[in-house]
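First residue of the sequence shown? That's 89 in my numbering, and the numbers climb one at a time after it.
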Amino acid sequence: MAVDQKALGPWACLVACLAVTVVAAAPKRIISLVPNVTEMIYAIGAGSRVVAVSSYDTYPPEVRTLPNVGALLDPNVERILSLKPDLVIVYGSQDDLRRQLGRAGIATFDYRHGGLDAITTTIRSLGTTLGEERAAGALASRIERGLDDIRGRVRGRPRPRTLLVFGRERLSLRGIYASGGTGFLHDMLTAAGGDNVFADVRAESVQASTEQIISRRPDVIVEVRAVNEAFAAGDREAEARVWTALGSVPAVRDGRVSFLFDDRIVIPGPRIVEGTRELARVLHPDAFK
Numbered sequence: 089m090a091v092d093q094k095a096l097g098p099w100a101c102l103v104a105c106l107a108v109t110v111v112a113a114a115p116k117r118i119i120s121l122v123p124n125v126t127e128m129i130y131a132i133g134a135g136s137r138v139v140a141v142s143s144y145d146t147y148p149p150e151v152r153t154l155p156n157v158g159a160l161l162d163p164n165v166e167r168i169l170s171l172k173p174d175l176v177i178v179y180g181s182q183d184d185l186r187r188q189l190g191r192a193g194i195a196t197f198d199y200r201h202g203g204l205d206a207i208t209t210t211i212r213s214l215g216t217t218l219g220e221e222r223a224a225g226a227l228a229s230r231i232e233r234g235l236d237d238i239r240g241r242v243r244g245r246p247r248p249r250t251l252l253v254f255g256r257e258r259l260s261l262r263g264i265y266a267s268g269g270t271g272f273l274h275d276m277l278t279a280a281g282g283d284n285v286f287a288d289v290r291a292e293s294v295q296a297s298t299e300q301i302i303s304r305r306p307d308v309i310v311e312v313r314a315v316n317e318a319f320a321a322g323d324r325e326a327e328a329r330v331w332t333a334l335g336s337v338p339a340v341r342d343g344r345v346s347f348l349f350d351d352r353i354v355i356p357g358p359r360i361v362e363g364t365r366e367l368a369r370v371l372h373p374d375a376f377k
């Protein structure tokens, strides 16, 4: 099902990735249009080479002082070229931008859709591209061990049927976007010890109707958002009350509707273990005391 990228805002930029590079030598001036790859660059020790980032980049804090050059839907080509990069991190769908950069002799590192395992694959590929193989390999291994630890903690426990929501209209059950059966959010939920109620839908997102949610009968509903999308303290109770309209759903009936405002969950990058752990705490609190 197609997703309205403008309606999802920064979610349009949150995709897991498979990297392909045309770089011949380790670059010294990097521009990143992909926030989670920006995090990877800093996490493997190459952050000093980043000269500009996308308008959605907020982490690590150092990126807030760098020039912004647009994002997935609105890259500022003129500004990118003026900064004289030797590598630009782009989305795989940005064909026109790649062609323009290619004509200018600027290499690109393409970021494409994938699941949870694509995070470590991309980190290792990025390390090769940037000449930081050892640091990238160590980071990827730490992530894999961390995710295995979470899986071990929840192994053998009952797996609640879970609806993982990442978008809806405020104070309404309209425009609900939930994780489908592919992609990093689905993989995180599975690693955290939950069963996705839309696991049979082979897509990263599902525009779910209330009728579908009622029929799927989730035991738990978790809404995840970036920190900058967090509800104000006074709105949180009102947003939770929205779900009472579905009183026959076990998650609503049993009071198991949760909100997680955490960039570590919604950005598939180096902090993904911490994000998955927070999700697992909601599903299996006794396993993480």
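Glycine included, every Cβ here is placed at the ideal spot set by N, Cα and C.
* To do: Give, in chain order, every unbroken run of the beta strand (DSSP E) that is at least 3 residues long and sits entirely within the segment 148-197.
  => 175-179
* Same chain, Cβ closer than 7 Å to Leu-259, five either side skipped, listed in chain order -> Reading the sequence shown from its first residue, position 171 is the one you call residue 259. Apart from sequence neighbours up to five positions away, the residues of its chain that approach Leu-259 with a beta-carbon distance below 7 Å are Ala-326, Glu-327 and Val-330, ordered along the chain.
* To do: Using the Cα positions of Ala-224 and Leu-334, report the straight-line distance between them to the nearest angstrom.
  => Working through the sequence shown from its first residue, we reach residue 224 at position 136. Working through the sequence shown from its first residue, we reach residue 334 at position 246. Ala-224 and Leu-334: Cα-Cα distance of roughly 46 Å.
* When we look at the beta-carbon of Leu-161 and count the other beta-carbons within 10 Å, is it buried (16 or more) or exposed? -> The residue you call residue 161 lines up with position 73 of the sequence shown. With fewer than 16 other Cβ atoms within 10 Å, it is exposed.
* To do: Determine the DSSP secondary structure at Ala-296, reduced to helix, strand or coil.
  => As a working mapping, residue 296 is identified with position 208 in the sequence shown. The answer is strand: DSSP assigns Ala-296 an E or B state.
* To do: Decide if the segment 196-207 is in contact with the segment 154-173; the criterion is three or more beta carbon pairs, one per stretch, under 8 Å apart.
  => no
* **Beta carbon of Arg-247 nearer than 8 Å to that of Gly-203** => Position 159 of the sequence shown, counted from the start, is the residue given in the question as residue 247. Position 115 of the sequence shown, counted from the start, is the residue given in the question as residue 203. Judged by beta-carbon spacing, Gly-203 lies beyond the 8 Å limit of Arg-247, meaning their Cβ atoms are not closer than that value.
* **Cβ pair Leu-251, Ile-309 closer than 8 Å** => Counting from one through the sequence shown, the residue named residue 251 turns up at place 163. Counting from one through the sequence shown, the residue named residue 309 turns up at place 221. Their beta carbons are under 8 Å apart, which means Leu-251 touches Ile-309 by this criterion.
* To do: Could you tell me how far apart the beta carbons of Glu-292 and Gly-271 are, in whole angstroms, since I believe they sit closer than 8 Å?
  => For the purposes of this step, residue 292 is taken as the residue at position 204 of the sequence shown. For the purposes of this step, residue 271 is taken as the residue at position 183 of the sequence shown. Rounded, the Cβ-Cβ distance is 4 Å, consistent with contact.
* To do: Tell me where the alpha helix (DSSP H) around Gly-240 begins and ends.
  => As a working mapping, residue 240 is identified with position 152 in the sequence shown. Where Gly-240 is concerned, the enclosing alpha helix (DSSP H) stretches over 221-242.
* Among the residues of its own chain, which have a CB less than 8 Å from the CB of Val-139, if the five just before and after it don't count? -> Position 51 of the sequence shown, counting from 1, holds the residue named residue 139. Once the five neighbours on either side are set aside, the close Cβ partners of Val-139 are Arg-117, Ile-118, Ile-119, Leu-154, Pro-155, Leu-171 and Pro-173.
* For Val-253, which of Thr-298, Ile-264, Ile-355 and Gly-343 has the nearest alpha-carbon? -> In the sequence shown, counting from the first residue as 1, residue 253 sits at position 165. For the residues Thr-298, Ile-264, Ile-355 and Gly-343, the minimum Cα distance to Val-253 belongs to Ile-264.
* Straight-line Cα distance separating Val-157 from Phe-286 -> Against the sequence shown, residue 286 aligns to sequence position 198. Against the sequence shown, residue 157 aligns to sequence position 69. So the alpha carbons of these two residues sit roughly 36 Å apart.
* Asked: Taking the alpha-carbon positions, what's the Asp-351 to Val-337 distance?
  -> Start at 1 with the first residue of the sequence shown, and residue 351 comes out as number 263. Start at 1 with the first residue of the sequence shown, and residue 337 comes out as number 249. Spanning the two alpha carbons is a distance of roughly 28 Å.
* Asked: Who are the Cβ neighbours of Ala-296 in its own chain at under 6 Å, not counting the five residues just before and after it?
  -> Within the sequence shown, the letter at position 208 stands for residue 296. Taking C-beta separations shorter than 6 Å and ignoring five residues to either side along the sequence, the partners of Ala-296 in its chain run Ile-264 and Ala-266, following chain order.
* In three-state DSSP terms, what is Glu-327? -> Position 239 of the sequence shown, counted from the first residue, corresponds to residue 327. If DSSP states are grouped into helix, strand and coil, Glu-327 belongs with the helices.
* Span separating the alpha-carbon of Asp-275 from that of Asp-283 -> Sequence index remark: in the sequence shown, residue 275 carries index 187 (1-based). Sequence index remark: in the sequence shown, residue 283 carries index 195 (1-based). Roughly 10 Å separates the two Cα atoms.
* From Val-361 to Leu-348, what distance separates their C-alpha atoms? -> Position 273 of the sequence shown, counting from 1, holds the residue named residue 361. Position 260 of the sequence shown, counting from 1, holds the residue named residue 348. In a straight line, the C-alpha of Val-361 is about 15 Å away from that of Leu-348.
* Could you check where the beta strand (DSSP E) with Ile-353 kicks off and where it finishes? -> For the purposes of this step, residue 353 is taken as the residue at position 265 of the sequence shown. Where Ile-353 is concerned, there is no enclosing beta strand (DSSP E), although the alpha helix (DSSP H) it sits in stretches over 351-354.
* Around the Cβ of Gln-93, are there at least 16 other Cβ atoms within 10 angstroms (buried) or fewer (exposed)? -> What you label residue 93 is simply residue 5 of the sequence shown in a count that begins at 1. Confidence is the limiting factor: at Gln-93 the pLDDT is only 43, short of 50, which leaves the residue's position unreliable and the question unanswerable from this model.
* Count the other CB atoms, across all protein chains shown, that sit within 10 Å of the CB of Pro-163; report buried if there are 16 or more and exposed otherwise. => Here residue 163 is taken as the residue at index 75 of the sequence shown, counted from 1. Answer is buried; the Cβ neighbour count reaches 16.
* Ala-279, DSSP secondary structure in three states -> Here the question's residue 279 lines up with position 191 in the sequence shown. Three-state DSSP puts Ala-279 in a helix.
* When DSSP labels each residue in this structure, what does Thr-270 get in the three-state scheme? -> Taking the sequence shown and counting its residues from 1, one reaches residue 270 at position 182. Reduced to three states, the DSSP call for Thr-270 is coil.
* To do: Give me the Cβ distance between Ala-113 and Glu-220, rounded to the nearest whole Å; I'm assuming they're in contact under 8 Å.
  => Numbered from 1 along the sequence shown, position 25 holds the residue referred to as residue 113. Numbered from 1 along the sequence shown, position 132 holds the residue referred to as residue 220. Not quite, the Cβ-Cβ distance comes to about 13 Å (not below 8 Å), so this is no contact.
* Provide the residue span of the beta strand (DSSP E) that contains Thr-208, from first to last. => Position 120 of the sequence shown, counted from the first residue, corresponds to residue 208. For Thr-208, no beta strand (DSSP E) run applies; the uninterrupted alpha helix (DSSP H) run containing it begins and ends at 205-218, by DSSP.
* **Identity of the residues DSSP links to Arg-249 by a beta bridge** => On the sequence shown, position 161 is the one that residue 249 refers to. According to DSSP, residue pairing for Arg-249 in a beta bridge involves Asp-283.
* Exposed or buried, what is Gly-343 when buried is set at 16 or more other beta-carbons lying within 10 Å of its beta-carbon? -> Counted from its first residue, the sequence shown places residue 343 at position 255. Classification for Gly-343: exposed.
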